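Okay, structure first, notes after.
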Amino acid sequence: MTSFTDSAAMALTLIVSLDSQLMAIVARSLWVSVWATVIACALGLLLGALLGVARFAGRNTVLALLNTFLAVPSVVVGLVVYLLLSRTGPLGFLGWLFSFKAMVLAQACLVLPVVTALTRQVVEDADVLHGEQLQSLGARTLLRSCLLAWDERHALLTVMLAAFGRAISEVGAVMIVGGNIDGFTRVMTTAIALETSKGDLPLALGLGLVLLAVVLALNVVVTVLRRWRENEEGTRVAQATMQAAV
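Listed below in structure tokens is the structure:
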């Protein structure tokens, strides 16, 4: 038996036995990521839909900034949120630093550009196909963006799942603003980093396996939704063809 196989066997034991420490970390990580995704999607879906339809002076500059935010390292996002929430920062009066709320805010800030950019692309592509028809019916920018977003709701659901996957795999930002406090702000990614440095490989590997399982489940759901959407579009095209033939 090697060190890896020993650690893998113990990690599986921790997972199967539903070890309390492991389950607490997993639950906290999922909860933080869910809230961050909800907040980011509430803002990002609306902003992205509007950007996909609206045409205004400086739009290319806004899109360039949005694409730049996509490439900002997570530790930089964590640093900015840390400075905002520190005692001398503009949001220091909230007292959120090294708390659950601080981690949610950091993840939401990190995921928001992803949701906005992907939503903008989806809605803009739909606007190219159906925008003129809606505009001829009197739908203005806000209404048109909402209608197109609803029509592309399956694609946007995939965007939301991708955002959750990005949030739950984050480590740098949440470690900076959360402090990785045992029992309070320790999540899967920060616990993996800490336990590996301490040499507690079974717990680190167990958390890693759970994280991989979550990401795998998200990919399966995204694949199913994509096939469902393709089948739905195929059925719609077939029905339109039959009606045209009649």
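Reading the sequence shown from the start, the letters are residues 1 to 246 in UniProt numbering.
Here a beta-carbon is modelled for each residue, glycine too, at the ideal position from N, C-alpha and C.
Predicted, not measured: the structure shown is a model, and the values here were computed from it.
- According to the DSSP assignment, Asn180 belongs to no alpha helix (DSSP H), since it is labelled neither H nor E.
- Sixteen is the threshold: since fewer than 16 other Cβ atoms of the shown chains lie within 10 Å of the Cβ of Ile181, the residue is exposed.
- Our two residues, Ala49 and Ser33, have alpha carbons roughly 23 Å apart in a direct line.
- When the Cα atoms are used, Arg226 and Leu45 turn out to be separated by approximately 19 Å.
- Ser29 and Ile168 do touch by the CB rule: their CB atoms are close to 6 Å apart, below 8 Å.
- In the structure shown, Ser74 falls within a helical segment according to DSSP collapsed to helix, strand and coil.
- Gly199 and Ser99 have their C-alpha atoms roughly 26 Å apart.
- Selection Thr141, Leu137, Thr88, Met188 evaluated against Val214 yields Met188 as nearest (Cα-Cα).
- The beta carbons of Gly172 and Ser74 sit closer together than 8 Å.
- Per DSSP, the continuous alpha helix (DSSP H) segment holding Ala126 begins and ends at 100-136.
- DSSP places Arg153 inside the alpha helix (DSSP H), whose first and last residues are 153-168.
- In the three-state DSSP reduction, Pro90 falls in the coil class, being neither helix nor strand.
- Around the C-beta of Phe164, 16 or more other C-beta atoms lie within 10 Å, and the residue is accordingly described as buried.
- Taken atom to atom, the span from the alpha-carbon of Gly58 to that of Val174 is near 33 Å.
- Linking Ala11 to Leu22 through their CA atoms gives a straight-line distance of about 10 Å.
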